[in-house]
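J.: Residues 30 to 242 in my numbering are what the sequence shown spells out, letter by letter. Think of the CB as a built atom: it goes at the ideal place given N, C-alpha and C, for glycine as much as any other residue. All of these numbers come straight from a predicted model, not from anything done at the bench. Here's a structure for you.
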Amino acid sequence: MQTNQQQILDFWAQVELTIDQLLHSRDENQFDADALLTEYRDTLQKIDQNLTFHFERDEDEGPIEMIFGCDGYPESIHAVLSLVGAAPALSGIRFKAFNHRYDPIPNFINVADEVCELRDYWYSLNSIDNKLHLAIYMQEPPSMLDMDPRVEAVMIFLDALIGEYELMTRVWALDWLNLPVDPIDYGLKPLAELRDSFDRLKSGVPAIGIMIH
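In structure tokens, the structure reads:
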């Protein structure tokens, strides 16, 4: 743990020395300092191999947000919280743990040049033995989840709908199933309605991890 803490301190020291260079490389919502971003990723991988980061900006004049996550791996939640908990206060940028709920929820997401629309996805959510089971329904779900841009898009939708942290700590199982011809006949609901269903059920289940089938 001491080694990990020192690696965290080393990462923030690296950020403090280079953040001005990064911010000045910004062109709209992109950063051109690719070598520097690679250095950040390499350093984070030494702390925890699941650590990720990306940048967001809600308002044109507001600070840039550097958001850290762990790619859905609950065993790395502590690493994210420890990392952000040690973050320095720097001008022009704010550091946050995990993707939070987003309003308004996006109606579509472009992943790898494929436009994925929220209306194309349906869900079922059930509490079984005090464990939340979430099933996502789509046309011809892939056998290899990490090879389909639609899966990445749905995960982004889920972050926006219920938040990355609660997705990892409240949902026990996440299944990907084929969408029936008439989803209403099967008791399914449009994915856009997930937030209300989730909020009604989440208080009745303990905080746990997530298994993706």
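Decide if residue 222 is buried, meaning its Cβ has at least 16 other Cβ atoms within 10 Å, or exposed.
T.: Label assigned to residue 222: exposed.
J.: Over what stretch of residues does the alpha helix (DSSP H) that includes residue 83 continue unbroken?
T.: That residue, residue 83, is in no alpha helix (DSSP H); its beta strand (DSSP E) goes 81-85.
J.: Between the alpha carbons of residue 30 and residue 136, how many angstroms are there, rounded?
T.: Legend: pLDDT at residue 30 = 47, less than 50; position of this residue unreliable, value from coordinates given subsequently. If you take the alpha carbons of residue 30 and residue 136, they lie about 42 Å apart.
J.: In the DSSP assignment, the beta strand (DSSP E) including residue 98 goes from what residue to what residue?
T.: 93-98
J.: Under a three-way DSSP split, which group does residue 107 fall into?
T.: helix
J.: Here's the rule I'm using: 16 or more other beta-carbon atoms within 10 Å means buried, otherwise exposed. How should residue 232 be labelled?
T.: Its Cβ having fewer than 16 others within 10 Å, residue 232 is exposed.
J.: Thinking just about the alpha-carbon of each residue, which of 205, 148, 132, 170 is nearest to the one in residue 220?
T.: 148
J.: Which same chain residues, not among the five before or five after residue 144, have their C-beta less than 8 Å away from its C-beta?
T.: Leaving aside the five residues that flank residue 144 on each side, the residues in its chain whose CB is nearer than 8 Å to its CB run, in chain order, 137, 138.
J.: Report the start-end ranges of each alpha helix (DSSP H) in the stretch 142-202 that is 4 residues or longer and not cut off at the edges.
T.: As far as the stretch 142-202 is concerned, its whole alpha helix (DSSP H) runs of at least 4 residues are 178-191, 193-199.
J.: Can you check whether the CB of residue 170 is closer than 8 Å to the CB of residue 119?
T.: no
J.: Under the DSSP definition of a beta bridge, which residues are partnered with residue 207?
T.: 167
J.: Which whole-angstrom value is the C-beta distance of residue 37 and residue 96, which I expect to be below 8 Å?
T.: Actually they do not touch by this definition, with Cβ atoms about 17 Å apart.
J.: What would DSSP say about residue 243, mapped onto helix, strand or coil?
T.: The structure shown has nothing for residue 243, since the chain only spans 30 to 242.
J.: Could you tell me if residue 128 is buried or exposed, where buried requires 16 or more neighbouring beta carbons within 10 angstroms of its beta carbon?
T.: Buried.
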